[in-house]
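These notes are about the structure you will find just below.
In my numbering, the protein residues as written are -6 to 383.
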């Protein structure tokens, strides 16, 4: 009885060794199990591949074994899950892809390229993989007439650069357009010079309906459009024409003189209003909610304080937001919406000499520190003010 048990144990071990080591190398021809099929219409064909996994496993279920000395943890796990060595070989060593699969025309050549783990197959399964790239010349696509769907689409841009958006308006009175939709790769936050690509989208089923009902399908599915000639935000003082800058300087002075006439006890004590330069701020992030640009026009004010009577000098600003320019360089300034020094609940932009209050700043440094410095994290700024410490 002990001898019988011993012989049974030896037989079991030999069977296991045979299952895991096999009898020499097995050559596997992968190409014979791969087919390529192209369907659809000329210029709109789609290629797909099919690997006959079922036939492969049936053909090699008794021929492929696992090399127990070299097998990986993945192979061991696969066996635990009930996968055969042939299945494990395919999943771990055999990979492939088509070089192109869409927008195919008759005459195109589609190539299936293998990317196999030859060494892994040899070490873990004692298998030599045999394969070569498979080329398929497209000839089976149906011939139908083509039309350009973009002949029936209006693509328009609106807004101010660099915050332009795109609108796509198909003409659905054209019957064929009922089966097509459109999308743009970018539809907002655009600037002059940007190019977008609009794609005509059509499902396979709708393409079939078009071909059956109208005898034609889209011959073009993409078109590029360029943003151009739209108004843009001025981002440099040099972009403002000299005549426009003269108007801004003059307007800023008139704003201050109007304030003097309305608020000073003795307007005649104003001696001089001198424009000394500007601070120009541009938002670092153009996708803004508040102002994108701010132009602080700075004036040096000379006057005489009534009591105690003494000469005074201080600084006043008038700020203009979001100056725009058209394609020909003509600037537009919103003179009705300018910002000037004012006192608020938590801020003060005034000072006193005796009992007289003046809106503005006693020093240029004070103006800079209060108006510009708090915005430096959000805005880039340039200055034309000479002899300023900034």
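Heads up, the beta-carbon is just placed ideally off N, CA and C, and yes, glycines get one too.
Note that the coordinates shown come from a computational prediction; the quantities given were computed from them, not determined experimentally.
Using 10 angstroms around the beta-carbon of residue 234, count the other beta-carbons present and answer buried if the total reaches 16, otherwise exposed. Here residue 234 is taken as the residue at index 241 of the chain shown, counted from 1. It is exposed - the Cβ of residue 234 has fewer than 16 other Cβ atoms within 10 Å.
Start and end of the alpha helix (DSSP H) containing residue 235? Here residue 235 corresponds to residue number 242 of the chain shown, with the count starting at 1. First-last of the alpha helix (DSSP H) with residue 235: 235 to 256.
Starting from the Cα of residue 95, find the closest Cα among 197, 18, 140 and 87 and give me that residue. On the chain shown, position 102 is the one that residue 95 refers to. Comparing Cα positions, the closest option is 197.
Let's see if you can read the secondary structure: which residues bound the alpha helix (DSSP H) around residue 203? Here residue 203 corresponds to residue number 210 of the chain shown, with the count starting at 1. Taken as a continuous stretch (DSSP letters only), the alpha helix (DSSP H) holding residue 203 covers 197 to 207.
Verify the CB distance criterion: does residue 40 have a CB-CB separation below 8 Å to chain D? Annotation note: the requested chain D is absent from the structure, which comprises a single protein chain.
Strictly by DSSP, which residues pair up with residue 90? If you number the chain shown from 1, residue 90 lands on position 97. For residue 90, the pairing in a beta bridge is given by DSSP as 106.
Assign residue 369 to one of two classes, buried (16 or more other C-beta atoms within 10 Å of its C-beta) or exposed (fewer than that). Here the question's residue 369 lines up with position 376 in the chain shown. Exposed.
Taking Cβ to Cβ, would you say residue 207 is nearer than 8 Å to residue 193? Translated into positions along the chain shown, residue 207 becomes position 214. Translated into positions along the chain shown, residue 193 becomes position 200. The beta carbons of residue 207 and residue 193 sit no closer together than 8 Å.
Beta-carbon separation of residue 127 and residue 159 under 8 Å? Position 134 of the chain shown, counting from 1, holds the residue named residue 127. Position 166 of the chain shown, counting from 1, holds the residue named residue 159. No, they are not a contact pair.
Mind listing, in chain order, the continuous beta strand (DSSP E) runs of no fewer than 3 residues lying wholly within the segment 105 to 186? 120 to 123, 127 to 130, 138 to 140, 146 to 153, 156 to 163 and 174 to 177
Can you tell which of 52, 78, 21 and 51 has the C-alpha that lies nearest to the C-alpha of residue 58? The sequence position of residue 58 within the chain shown is 65, counting from 1. Looking at the Cα atoms, 78 is the closest of the given residues.
Just how far apart, CA to CA, sit residue 14 and residue 115? The residue given as residue 14 occupies position 21 in the chain shown. The residue given as residue 115 occupies position 122 in the chain shown. In this prediction, residue 14 scores a pLDDT of 44, lower than 50, which makes its location untrustworthy; no coordinate-derived value is stated.
With respect to the beta strand (DSSP E) encompassing residue 30, which residues constitute its N-terminal and C-terminal limits? The residue you call residue 30 lines up with position 37 of the chain shown. Unbroken beta strand (DSSP E) run through residue 30: 27 to 32.
For residue 285, which three-state DSSP category applies? As a first step, residue 285 is located in the chain shown; it is residue number 292 there, counting from the start. Here residue 285 carries a coil assignment [DSSP, helix/strand/coil].
Using the rule of at least 16 other Cβ atoms within 10 Å of the residue's Cβ for burial, across every protein chain shown, is residue 16 buried or exposed? Mapped onto the chain shown, residue 16 falls at position 23. Bear in mind that a pLDDT of 49 at residue 16, under 50, signals an unreliable position, so the number given afterwards is only what the model happens to contain. Answer is exposed; the Cβ neighbour count stays below 16.
Just confirm the distance between the C-beta atoms of residue 113 and residue 169, as a whole number of angstroms; I'd bet it's less than 8 Å. The sequence position of residue 113 within the chain shown is 120, counting from 1. The sequence position of residue 169 within the chain shown is 176, counting from 1. Actually they do not touch by this definition, with Cβ atoms about 52 Å apart.
If you follow the beta strand (DSSP E) that residue 274 is in, where does it begin and where does it stop? Locating residue 274 in the chain shown gives position 281, where the first residue counts as 1. Start and end: 263 to 276.
Is residue 83 helix, strand or coil by DSSP? Taking the first residue of the chain shown as 1, we reach residue 83 at position 90. It is helical.
Could you check the C-alpha separation between residue 49 and residue 90 for me, to the nearest Å? As a working mapping, residue 49 is identified with position 56 in the chain shown. As a working mapping, residue 90 is identified with position 97 in the chain shown. Computed Cα separation, rounded: 18 Å.
Do residue 139 and the ligand SAM come close, with the Cβ less than 7 Å from some heavy atom? Of ligands this structure carries none, so the ligand SAM is not represented either.
Since residue 19 and residue 120 are thought to touch, with beta carbons under 8 Å apart, how far apart are those beta carbons, to the nearest angstrom? In the chain shown, counting from the first residue as 1, residue 19 sits at position 26. In the chain shown, counting from the first residue as 1, residue 120 sits at position 127. Contact flag correct, Cβ pair sits at about 5 Å.
Report the three-state DSSP secondary structure of residue 298 (helix, strand or coil). Here residue 298 refers to the residue found at position 305 of the chain shown. Strand, per DSSP.
Could you say which of 139, 60 and 263 lies nearest to residue 296 if we only look at CA atoms? Sequence index remark: in the chain shown, residue 296 carries index 303 (1-based). When only C-alpha atoms are compared, the closest one is 263.
CA-CA distance, residue 364 and residue 371? Position 371 of the chain shown, counting from 1, holds the residue named residue 364. Position 378 of the chain shown, counting from 1, holds the residue named residue 371. Roughly 13 Å between the two C-alpha positions.
Roughly how many angstroms lie between the CA atoms of residue 165 and residue 172, to the nearest whole one? By one-based count along the chain shown, residue 165 stands at place 172. By one-based count along the chain shown, residue 172 stands at place 179. Rounded to whole angstroms, residue 165 and residue 172 show a C-alpha spacing of 9 Å.
Thinking residue 220 and residue 183 are a contact (beta carbons under 8 Å), I'd like their distance in whole angstroms, please. Here residue 220 refers to the residue found at position 227 when the chain shown is read from its first residue. Here residue 183 refers to the residue found at position 190 when the chain shown is read from its first residue. The pair is a contact, with the Cβ atoms about 5 Å apart (cut-off 8 Å).
Assumed close pair residue 213, residue 142 - CB separation to whole angstroms, cut-off 8 Å: For the purposes of this step, residue 213 is taken as residue 220 along the chain shown, with counting starting at 1. For the purposes of this step, residue 142 is taken as residue 149 along the chain shown, with counting starting at 1. Cβ atoms of residue 213 and residue 142 come within 8 Å of each other, at about 7 Å.
Would you mind reading off the limits of the beta strand (DSSP E) that contains residue 52? Numbered from 1 along the chain shown, position 59 holds the residue referred to as residue 52. Taken as a continuous stretch (DSSP letters only), residue 52 belongs to no beta strand (DSSP E), being part of the alpha helix (DSSP H) at 46 to 53.
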